[in-house]
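Per numbering that gives the first Met the number 0: the sequence shown = residues 0 to 656.
Ideal Cβ positions, reconstructed from N, Cα and C, are used throughout, including at glycine.
Small disclaimer: the values here were computed from a predicted structure and weren't measured.
Everything on this sheet refers to the single structure shown next.
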Amino acid sequence: MGKEKNWDFGYRSFYPELETMKKFRKNGIDTFTFMVSNTANSLGEASTKYPPVWVWKNTYELDVFDRQIGDILAVIPDARLICYIDLNTPHWWTRYLGAFNARYDSYYDLGKITPSELWRRDTIAYMQALLSHAENNYSKNIVAYVISCGGGTEWHDRCRGEESPYRLAAYQRWMADKGKPVPRDIPPRSIREYGRYGFDFSTPSNSFGYWAGFDESDLDKACKPDAGGLFRVPETDRKALDYWQFCNEQIAETIELFLKKAREVIRPIAELGTVYGYITEVGEYMLASSGHLAYEKLCESPYPDFFVAPISYCDRETGGGSGSQTAVGTIHLHGKQMLNSVDCKTYTANRKIGRFSTIPSSGAWLNWPDDTSVVAGIKREMAHSLINRTSLWYFDMWGGFWESDAAMDTFKLVKRIWDEQTSHASAEVSEILMVVNPGNVYYINDMHPNAHRFHRPFRLLLNHIGAPHLICSFNDLLLMDLNRFKMIIFCHPFELPEVKQEILEKYVLNKQRRIIWAYGPGIINEGKWEPENVEKICGTPFGTPGVNRSDMGEWNSIYIHDPEALKAEDLREIAGDAGCHIYCSELRPVYANNRLVAVHTGIAETLHMNFPKAYGKITELFSRQEYFNSNKIDITTSGPDTLIFLCEDTESETTKI
0 MGKEKNWDFG YRSFYPELET MKKFRKNGID TFTFMVSNTA NSLGEASTKY
50 PPVWVWKNTY ELDVFDRQIG DILAVIPDAR LICYIDLNTP HWWTRYLGAF
100 NARYDSYYDL GKITPSELWR RDTIAYMQAL LSHAENNYSK NIVAYVISCG
150 GGTEWHDRCR GEESPYRLAA YQRWMADKGK PVPRDIPPRS IREYGRYGFD
200 FSTPSNSFGY WAGFDESDLD KACKPDAGGL FRVPETDRKA LDYWQFCNEQ
250 IAETIELFLK KAREVIRPIA ELGTVYGYIT EVGEYMLASS GHLAYEKLCE
300 SPYPDFFVAP ISYCDRETGG GSGSQTAVGT IHLHGKQMLN SVDCKTYTAN
350 RKIGRFSTIP SSGAWLNWPD DTSVVAGIKR EMAHSLINRT SLWYFDMWGG
400 FWESDAAMDT FKLVKRIWDE QTSHASAEVS EILMVVNPGN VYYINDMHPN
450 AHRFHRPFRL LLNHIGAPHL ICSFNDLLLM DLNRFKMIIF CHPFELPEVK
500 QEILEKYVLN KQRRIIWAYG PGIINEGKWE PENVEKICGT PFGTPGVNRS
550 DMGEWNSIYI HDPEALKAED LREIAGDAGC HIYCSELRPV YANNRLVAVH
600 TGIAETLHMN FPKAYGKITE LFSRQEYFNS NKIDITTSGP DTLIFLCEDT
650 ESETTKI
């Protein structure tokens, strides 16, 4: 499994959009993802246009699978296929002997059923039968499989930690293995959904909340928790902390089991992926209770080759900076690949999902409202993945997303550039590091609408300061070469025990770096809530508003009590003071490696680009405009656009891989 991972540019749809797929193939795209599902989506409609394969106990209608692949190969015989397998329970399985909490629907009750040996046995048997059939008949075309389940087929647990006989038994075993008292029951909702402390103010559920954008008349107000405060503390909330850690590890262990069982029946060269590890942006309902916080365990596992996640939910519109829901630095550091799912809703997208069900055509359901934004967005996503060496697919969810001639012309252009540039070696150059800490995220009560407030603001601001950045996890600090980083942001520094402080002192707190701390570094100390400990670590008393700088000798401390109150101008100024190279004169998304620099804008404007050094030749790859012997150029856009620059000096800088 030490081979170089696939670096893919592809297309995906829930539906057999065969005419669109033919157009993509004509434009040079040869990788197509199709989904095999036995159940319904979140609207209650069939997830695909094909009947279920898993129809009864040990009964699989594999001819349905044959028909699905056959339809694709009939129009694209040379297609490289990624098979996305939805393992969610068929309706018949959930109903058969399902009374009295014997069976559950994995789509919304994932954590209640994953510990069930019956569910595991039946689901593994189906998965292996499907994989064996695929391998025996379509190995010429299938290059990878994505193993998925749970909410959104993204391994989300959406039952808010509810109990089942299987979950209770597994939790009791987990506690025993940890040498802790074995409980008679799981923590009740009043414990596991309750927090303490928090900001000095309360923000109601708003555009950042999980239910935002939906008609309030469709929601029973009783479903919204009285979350109390924003934090859990070991001294008073140990039961909840233990339980949520168990829940997340249970999901990760289940994914690893299925990947292991999949590997038993597929070729060594076929890759395995999964959808997991959302942490950089999600908040309410989507942190500890969603089950994604044990992603480091999967990164360390030999079984996954790549991870899949949608691009930013909050910064995907025209002018936004995009980026992954995951800590891509962590994924790459462990030798895995990242695949970005570009599921932006365009003005041409099909919105009629069933006979009666439709999706809205405004707000969060319309990201790119015209051809100009579609073109700029397609170019942005290619540039982002190319420069950061991640795979991507353009998701045509229910069809029609890429219907316009402008979109198709752009795909032809970006794929040509992709093919030209992916054959060259490149290296990371970002000088800004954002550090997430999944272990400390358990302290955040994600039933609270402010649960996002420690990582999302930094993530969004970093997208708009005119310089590239990297996101990693705290444990990566021991594995990374940190020499190039001049500004490091700690999003979740709530608990910093002695061993972590030693890591910081040895590897981080030196070289006159700017170290930014969110909210309360070390505020949880020896299991207790100790606001007075914050000043000892960062030099500023807890709760001090604004941007607070302290000279700590070998490093500079910057304390930000509320990251959401920070502005992009503030962060850009700090980065500049740290000596980070700022590429763009305006607050725009910039992606860069040692060969390529890209900038995205949502408006017509003139941008002054400043490169790290003078290059013999700089070529803007979309227009083929060339600039010679300079490190500064001006570019003028007529509206939303993305530009990508190839920076060349010597032959060694364009060495092929």
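In three-state terms, what does DSSP make of residue i?
i: residue 331; result: helix
i: residue 139; result: coil
i: residue 222; result: helix
i: residue 547; result: strand
i: residue 316; result: coil
i: residue 527; result: strand
i: residue 454; result: coil
i: residue 46; result: coil
i: residue 446; result: coil
i: residue 590; result: strand
i: residue 496; result: coil
i: residue 324; result: coil
i: residue 101; result: coil
i: residue 364; result: helix
i: residue 203; result: In this prediction, residue 203 has a pLDDT of 48, which is less than 50 and means its spatial position is unreliable; what the coordinates show is noted afterwards. Here residue 203 sits in coil by DSSP.
i: residue 216; result: helix
i: residue 164; result: helix
i: residue 131; result: helix
What residues match up with residue i in a beta bridge as DSSP calls it?
i: residue 285; result: Answer is none; residue 285 lacks a bridge partner.
i: residue 616; result: 627 and 647
i: residue 351; result: 357
i: residue 516; result: 489 and 558
i: residue 604; result: 636
i: residue 85; result: 147
i: residue 270; result: 143
i: residue 10; result: 31 and 393
i: residue 596; result: 591 and 644
i: residue 80; result: 31 and 141
Just to confirm the assignment, what range does the alpha helix (DSSP H) spanning residue i have?
i: residue 241; result: 233 to 262
i: residue 427; result: That residue, residue 427, is in no alpha helix (DSSP H); it is neither H nor E in DSSP.
i: residue 65; result: 61 to 74
i: residue 294; result: 294 to 299
i: residue 371; result: 370 to 387
i: residue 570; result: 567 to 577
i: residue 55; result: No alpha helix (DSSP H) holds residue 55; the beta strand (DSSP E) holding it covers 53 to 55.
i: residue 440; result: 437 to 440
i: residue 416; result: 404 to 420
Find out if the Cβ-Cβ distance for the pair residue i, residue j is shorter than 8 Å.
i: residue 487; j: residue 458; result: no
i: residue 608; j: residue 632; result: yes
i: residue 597; j: residue 559; result: no
i: residue 8; j: residue 28; result: yes
i: residue 397; j: residue 352; result: yes
i: residue 368; j: residue 452; result: no
i: residue 641; j: residue 378; result: yes
i: residue 588; j: residue 320; result: yes
i: residue 427; j: residue 461; result: no
i: residue 167; j: residue 185; result: yes
i: residue 287; j: residue 247; result: yes
i: residue 148; j: residue 100; result: no
i: residue 478; j: residue 507; result: no
Got a sec? Which residues, its chain only, sit under 6 Å from residue i by beta carbon, not counting five neighbours each side?
i: residue 372; result: 317 and 639
i: residue 128; result: 59
i: residue 348; result: 399 and 400
i: residue 108; result: 158
i: residue 79; result: 29, 30 and 142
i: residue 153; result: 274
i: residue 187; result: none
Looking only at its own chain, which residues have a Cβ that is under 7 Å from the Cβ of residue i, when we skip the five neighbours before and after it?
i: residue 387; result: 327 and 590
i: residue 303; result: 258, 271, 272, 273, 297 and 335
Between residue i and the rest of its own chain, which residues show a CB-CB distance below 8 Å, the 5 nearest in sequence each way excluded?
i: residue 96; result: 102
i: residue 233; result: 240, 523, 526 and 527
i: residue 544; result: 560, 561 and 564
i: residue 171; result: 181 and 182
What are the boundary residues of the beta strand (DSSP E) that includes residue i?
i: residue 390; result: 390 to 394
i: residue 658; result: Given that the chain is displayed from residue 0 to residue 656, the structure contains no residue 658 and the question cannot be resolved.
i: residue 511; result: No beta strand (DSSP E) contains residue 511, which DSSP labels as neither H nor E.
i: residue 337; result: 336 to 341
i: residue 305; result: 305 to 309
i: residue 479; result: Careful: residue 479 lies outside any beta strand (DSSP E) and carries neither H nor E.
i: residue 115; result: From DSSP, residue 115 is part of no beta strand (DSSP E); its letter is neither H nor E.
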